[in-house]
Amino acid sequence: GNSVTQMEGPVTLSEEAFLTINCTYTATGYPSLFWYVQYPGEGLQLLLKATKADDKGSNKGFEATYRKETTSFHLEKGSVQVSDSAVYFCALRLTDSWGKFQFGAGTQVVVTP
Amino acid sequence: KAGVTQTPRYLIKTRGQQVTLSCSPISGHRSVSWYQQTPGQGLQFLFEYFSETQRNKGNFPGRFSGRQFSNSRSEMNVSTLELGDSALYLCASSLEGIGNEKLFFGSGTQLSVL
């Protein structure tokens, strides 16, 4: 079946540090890949996406590249801020399953001043 | 434009009861999906509706059901509640078509089963 595996948290960083959250997937088809973020007290919102191999999604200083050869979609940010503290979810969606996303377990990121 | 609206925000029920949760999608969105979020299992897909038809279904027992109305509003129902049904239930809506591969989530309904 389809699955998403992401690194466990919490990940604790100091402000301006480099952030990487690893995400790998298993899929029977050719999925689109997403990163969603859940800030404290808020709903899930899309951070970035990539729909085909070698695509790079980017938003708010975050980047992730769709690597088909390693079935990965790692999230990176060069210099985190306290406001980046949140739970980050990696997700996939197959082309024939419009609203059916497979989410990873989520990684909590805590950025300290 | 208003976001995805879920009601109620909180619910407390006892085992054996049933519950109905409501979701109003963003105007113009015809796809509505439901997810269950728990600390142990994370986000699990329940089902998706499009134009009043269930289009996809997750691996949940038949006690979990849903429907969609002609105005795209959706409800989900859980019958014979169990303690393990305590969770945050999230509704998401989306547009169709290439370039619209994005779910817009509501704030959720927090269900506690005692």
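Those protein sequence lines, which keep their order, are chains A and B. Quick note: the first sequence, position 74, residue 74 per this note's numbering, numbers continuous. Quick note: the second sequence, position 102, residue 215 per this note's numbering, numbers continuous. Using N, Cα and C, we set each Cβ at its ideal position, and we do this for glycine too. These figures come from a predicted structure and were not determined experimentally.
Item	Value
Minimum Cβ-Cβ distance from A/K68 to chain B less than 8 Å	no
Contacting residues, own chain, Cβ-Cβ under 8 Å from A/A91 (five flanking each side not counted)	V4, L33, F34, W35, Y36, F101, Q102, F103, G104
Chain-ordered neighbours of B/N169 on chain A, where CB pairs are closer than 7 Å	S97, G99, K100
Proximal residues of chain B, C-beta to C-beta of A/T51 below 7 Å	E214
As assigned by DSSP and simplified to three states, the class of B/G197	helix
Chain A within 8 Å of B/A115, Cβ atoms only	no
Proximal residues of chain B, C-beta to C-beta of A/S32 below 9 Å	E214
Check whether B/S185 and B/E161 have beta carbons under 8 Å apart	no
Contact set between B/S178 and chain A, taken where Cβ atoms lie within less than 8 Å	Chain A residues near B/S178: none, gap ~17 Å exceeds 8 Å.
A/V82, DSSP secondary structure in three states	helix
Interface positions of the stretch 189 to 209 of chain B facing chain A (Cβ-Cβ less than 8 Å), listed along the chain	L203, A205, S207, E209
Simplified DSSP state of A/A50, which is helix, strand or coil	strand
Cα-Cα separation between A/G106 and B/T151, rounded to whole angstroms	11 Å
Between the CA atoms of A/D84 and A/A50 - distance to the nearest angstrom	21 Å
Check whether A/E69 and A/T20 have beta carbons under 8 Å apart	no
6 Å Cβ shell around B/Y123 - same chain, five flanking residues per side excluded	Q223
Per-residue DSSP class, three states only, for A/T95	coil
CB contact check: B/L156 to chain A, cutoff 8 Å	yes
Interface flag, A/A105 vs chain B, CB-CB below 8 Å	yes
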